[in-house]
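Chains as they are written, first to last, in the working numbering: chain R, 1 to 377; chain X, 1001 to 1582.
The structure under discussion appears below in the form of structure tokens.
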């Protein structure tokens, strides 16, 4: 395998990798720019981030190329992907792989963590390489509110006491639909159905308690639940300005990093719901028609390096749990993680232990569609 | 000498015209080919999928399915109403305000200061202006900060939708801020072509008030000349994407945003209703132009009766004062928006309700430099090449027109306006499919071409008048002295027309920097400019960085104008020093 990695490194030399990544989080853009500098220095690979407003743009791009018969000269080399978008490409056989076993650093990945092996219940099977971990948390401004709801059931009553002070991103955004999924987990009698494709369940029956709950919450949302921020960062601006007091986030260390960057007041705090919240892993995948697969693998491998993971875990740059298994690292490598700066804005480690698996990807779209149908004027 | 006589004279000089004319004769043909053929093909590429035909993704039969899907989409009625409402209201208000201001002010020159203040608003791209205006009028923006908490009592921003409101008021306001100065410029240009001052004087001696004289005497003369610009504003306001994304509501959005959303949905089958929506957008624009045209007829009919009645005074006079005040207010909003961008870009902590940032810092600029460099470079390359190409084609067409003695007809002018009247989204969808087939999508060349579609009309409109009105005797004298036409073109016409040429290029650069949807769709997301970055960042993130991108985006056209105006002066200075021509 060492020999084959060497040949991949040789092939990658001089390649330009177009990395389609959701953009809108400036720290993430800066991190990707740093990755670009590193792979350019070590491996002569040029990394170009193609900023996306939604990952689905890259997915439709690859599908359109397949439709046009563009089977070898695609425009996308690497996609930051997970959940429904991964499922959409894998189902059509539009991903290259399995490739993760060829990456030397993949040996360091924590394979005991199911979210590194199953992406929204769909087996990864080596077709995408993990690089980030995420979990749903709630960020609030303790200067304005002392008590926040610690269960989904408590949200309507809390919102009634704090009208207009909570919102979540529009459901076309993954964070918006994740909030609905979280609520569905807590409200539906048998959450196990969420792990199977939506067509296997009686959608109306499963979601009835969700809509009843939402109808009680909606009048007390920001803008009376008629308008929603476009994305997580847009929602964060509202919290920064004091337009809202609480918001969901998919990054447990987002608040800490935002405080560091001067984007949130120092009075914000982060909580996890008492019975746990949805968590997942972010991956990178290579489209079947990428002309720069070797370069893309070099980038994927670098993203798994202790150096890259430690920088991603540092709240000064990004912050967040690593996908690596610290037990597999050398003491020196491990020290990079244990010496990371601590932060008063990060939730207790114990609170983050209760991770609920993501529902099957088919739920996200059905939920978003049903929500649009019910609540679009 | 009249232009006709000049043309006749140039005919008699025909033998002097060199053989090298052959490529010139092709210039109009090349222009039309580069220009109209792709638009027609792009429209076709949208039309077929709108009726279910796109074999590449499994559409192999003609069906009305896409339309059924379109009209059953949640909120589609509201989206159409929003689109038509904002587009028509913004255009009607723009036209009324501009006419009102001109009726109120005509004869009294707006002055250098006034024009200087308008320049940044005209130059700023729509996206940057929308971002700045969004900052300004947001519940946490400058306007509310100015009044809080001393007047409003607000220590937190109010829960009022002042941007992205469901009625599209913020979007309409954004359109007004940009379109009023544009129409004003077009009107002032048209006014220069009728001897307005003298006619107004004559009217005054007959006892007509200034306002009523302008409305009865001048407006009917200039309207035909600004009809096309007004239609362009109407088409733009109805179908704009970037401003709608930034200032318009999201649930539901305007029709063009809805079409874009479906077009980029992970489910490729959404392409069919997206194409139908794009076609519906085209139908709405065409219907609105027809509606406007019939409105013109009605108003002209009523207006003739009003003129014939011979009243010397009008009750409209106070209204024109309101219009003038409103235009001044809009200009103030526009300038404040641009300043707000600048303040955010150097703010270091700016909590509500403080009027100014707690600390100032250039950190955002220095730290973002590496992220700005690539989009900035792409923006400049595309803008300069698209403008240079447009200039080449326009000069070819104009020179050919003079040598062949055939002036462009009104119909040709309409052709030129096609890209400005057909909604971008209606033909860019189809164009993207075509580009995929020829493997050009996502390439810089394709993006430059797509910008050319919008740059070329403006360069032509800007250059045609000065070119045609250049005194023909210069060229004729040189020709008679035996100078070949190529040298006449290079050594006489180009230097004499240097300033309008540079201004035309600067306008081309401004138009190119403005383009969001062509860059996004034709560039397949791979060609990243300041504009696509600014719009992406505007959806949320760090307002300091959004401010950097939007401000830079506005500075490029301004710098281009400054160069266009400053450069010829310097060149001429050197020439005089060298004792050369002119």
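Each residue gets a CB set at the ideal place from its N, CA and C atoms; glycine is no exception.
What you are looking at is a predicted structure, and each value in this text was computed from that prediction instead of being measured.
Find out if the Cβ-Cβ distance for the pair residue 1463 of chain X, residue 1505 of chain X is shorter than 7 Å.
In the second chain, residue 1463 of chain X corresponds to position 463, counting from 1. In the second chain, residue 1505 of chain X corresponds to position 505, counting from 1. Contact flag unset, no.
CA-to-CA distance, residue 370 of chain R to residue 377 of chain R, given in whole angstroms:
Here residue 377 of chain R refers to the residue found at position 377 when the first chain is read from its first residue. Here residue 370 of chain R refers to the residue found at position 370 when the first chain is read from its first residue. Distance between the alpha carbons of residue 377 of chain R and residue 370 of chain R is about 13 Å.
Determine the contact status of residue 1297 of chain X and residue 1548 of chain X, defining contact as a CB-CB distance below 7 Å.
As a first step, residue 1297 of chain X must be located in the second chain, where it is residue number 297. As a first step, residue 1548 of chain X must be located in the second chain, where it is residue number 548. No, these two residues do not count as a Cβ contact at 7 Å.
Tell me the DSSP bridge mates of residue 281 of chain R?
Reading the first chain from its first residue, position 281 is the one you call residue 281 of chain R. Note: residue 281 of chain R sits in a beta bridge opposite R:133.
So the candidates are R:162, R:135, R:200; which of them puts its Cα closest to the Cα of residue 181 of chain R?
If you number the first chain from 1, residue 181 of chain R lands on position 181. Here the closest residue by C-alpha is R:135.
Compile a chain-ordered list of the residues in the segment 252-286 of chain R whose CB is closer than 8 Å to at least one CB of chain X.
261, 262, 263, 265
is_contact[residue 308 of chain R, chain X] using C-beta, thresh 7 Å
As a working mapping, residue 308 of chain R is identified with position 308 in the first chain. Chain X contact via Cβ: absent.
Using the beta-carbon count (16 or more within 10 Å), is residue 1328 of chain X buried or exposed?
Here the question's residue 1328 of chain X lines up with position 328 in the second chain. Burial call: exposed.
Excluding sequence positions up to five away, which residues of its chain have a Cβ less than 8 Å from the Cβ of residue 1356 of chain X?
If you number the second chain from 1, residue 1356 of chain X lands on position 356. Excluding sequence neighbours, residue 1356 of chain X sits near 1343, 1350.
State the DSSP-derived secondary structure class of residue 362 of chain R, mapped to helix, strand or coil.
Your numbering for residue 362 of chain R matches position 362 in the first chain. Residue state, collapsed to three classes: helix.
Comparing C-alpha positions only, which one of R:304, R:287, R:267 sits nearest to residue 58 of chain R?
Taking the first chain and counting its residues from 1, one reaches residue 58 of chain R at position 58. Ranking the options by Cα distance to residue 58 of chain R, first place goes to R:287.
Within the 7 Å Cβ cut-off, does residue 1135 of chain X reach chain R?
Stepping through the second chain from its first residue, residue 1135 of chain X is reached at position 135. For residue 1135 of chain X, the answer is no, since every Cβ of chain R falls outside 7 Å of its Cβ.
At which residues does the alpha helix (DSSP H) containing residue 1344 of chain X begin and terminate?
As a position in the second chain, residue 1344 of chain X is number 344, starting the count at 1. From DSSP, the alpha helix (DSSP H) with residue 1344 of chain X extends over 1317-1345.
Residue 285 of chain R versus residue 83 of chain R - alpha carbon distance
What you label residue 285 of chain R is simply residue 285 of the first chain in a count that begins at 1. What you label residue 83 of chain R is simply residue 83 of the first chain in a count that begins at 1. The straight-line gap from Cα to Cα measures roughly 12 Å.
For residue 79 of chain R, name the three-state secondary structure that DSSP assigns.
Numbered from its first residue, the first chain carries residue 79 of chain R at position 79. Reduced to three states, the DSSP call for residue 79 of chain R is strand.
In chain R, which residues lie less than 7 Å from residue 1352 of chain X when you measure between Cβ atoms?
Indexing the second chain from 1 puts residue 1352 of chain X at position 352. Going along chain R in sequence order, the residues near residue 1352 of chain X (Cβ under 7 Å) are 241, 242.
Using CA atoms only, rank isn't needed, just tell me which of R:250, R:245, R:275, R:117 is closest to residue 267 of chain R.
Counting from 1 along the first chain, the entry for residue 267 of chain R is found at position 267. Among R:250, R:245, R:275, R:117, the Cα nearest to that of residue 267 of chain R belongs to R:245.
Are any of the Cβ atoms in chain X nearer than 7 Å to that of residue 63 of chain R?
Residue 63 of chain R sits at position 63 when you count from the first residue of the first chain. Yes, because at least one Cβ of chain X sits closer than 7 Å to the Cβ of residue 63 of chain R.
Cβ-based neighbour list, residue 76 of chain R, same chain, cut-off 7 Å, excluding 5 preceding and 5 following
Reading the first chain from its first residue, position 76 is the one you call residue 76 of chain R. 18, 20, 58, 61, 62, 287, 290.
To the nearest angstrom, how far is the alpha carbon of residue 1418 of chain X from that of residue 1281 of chain X?
Translated into the one-based positions of the second chain, residue 1418 of chain X becomes position 418. Translated into the one-based positions of the second chain, residue 1281 of chain X becomes position 281. Roughly 15 Å separates the two Cα atoms.
So which of X:1238, X:1321, X:1116 has the shortest CA-CA distance to residue 1085 of chain X?
As a first step, residue 1085 of chain X must be located in the second chain, where it is residue number 85. When only C-alpha atoms are compared, the closest one is X:1238.
So that I know if they touch, is there some Cβ in chain X lying closer than 7 Å to that of residue 348 of chain R?
Taking the first chain and counting its residues from 1, the one referred to as residue 348 of chain R is at position 348. No, its Cβ sits nowhere closer than 7 Å to a Cβ of chain X.
Output needed in chain order: residues of the segment 1152-1174 of chain X with a Cβ under 7 Å from some Cβ in chain A.
Included in the structure are the protein chains R and X, with no chain A among them.
Would you mind listing the alpha helix (DSSP H) stretches within the segment 33-111 of chain R that are 4+ residues and don't spill past its ends, in chain order?
56-67, 84-91
Closer than 9 Å, Cβ to Cβ, to anything on chain R: give me those residues from the segment 1238-1264 of chain X, in chain order.
1245, 1249, 1250, 1251, 1252, 1261, 1263, 1264
If we count Cβ pairs, one from each stretch, closer than 8 Å, do we get three or more for the segment 124-143 of chain R versus the segment 99-106 of chain R?
yes
Provide the residue span of the beta strand (DSSP E) that contains residue 248 of chain R, from first to last.
Position 248 of the first chain, counting from 1, holds the residue named residue 248 of chain R. From DSSP, the beta strand (DSSP E) with residue 248 of chain R extends over 246-249.
Beta-bridge pairing of residue 16 of chain R - partner residues as DSSP gives them
Numbered from its first residue, the first chain carries residue 16 of chain R at position 16. R:46.
Could you work out which residue in X:1427, X:1461, X:1258 is closest to residue 1398 of chain X when comparing CA atoms only?
Residue mapping note: residue 1398 of chain X aligns to position 398 of the second chain, counting from 1. It is X:1461.
Here's the rule: buried if 16 or more other CB atoms are within 10 angstroms of the residue's CB, otherwise exposed. What is residue 42 of chain R?
One-based indexing of the first chain puts residue 42 of chain R at position 42. Under this definition residue 42 of chain R is an exposed residue.
At a cut of 8 Å, does the segment 252-270 of chain R reach the segment 208-218 of chain R through at least three beta carbon pairs?
no
For residue 1019 of chain X, count neighbouring Cβ atoms within 10 angstroms of its own Cβ and tell me buried if that reaches 16, exposed if not.
On the second chain, residue 1019 of chain X is found 19 positions in, with the first residue counted as 1. Its pLDDT being 45, under 50, residue 1019 of chain X is placed unreliably in this model, and the coordinates cannot settle the point.
Check whether chain X comes within 7 Å of residue 53 of chain R, counting only Cβ atoms and requiring the distance to be less than that.
Position 53 of the first chain, counting from 1, holds the residue named residue 53 of chain R. So, interface residue.
Along chain R, which residues have their Cβ under 7 Å away from the Cβ of residue 1403 of chain X?
For the purposes of this step, residue 1403 of chain X is taken as the residue at position 403 of the second chain. Simply none; closest approach about 44 Å.
If residue 177 of chain R and residue 364 of chain R are in contact, beta carbons under 8 Å, what's the gap, nearest whole angstrom?
Counted from its first residue, the first chain places residue 177 of chain R at position 177. Counted from its first residue, the first chain places residue 364 of chain R at position 364. That belief holds up - the Cβ atoms of residue 177 of chain R and residue 364 of chain R are roughly 5 Å apart, short of 8 Å.
Using a beta-carbon distance below 7 Å, is residue 1370 of chain X in contact with chain R?
Residue 1370 of chain X sits at position 370 when you count from the first residue of the second chain. Closer than 7 Å to some Cβ of chain R, the Cβ of residue 1370 of chain X qualifies, so yes.
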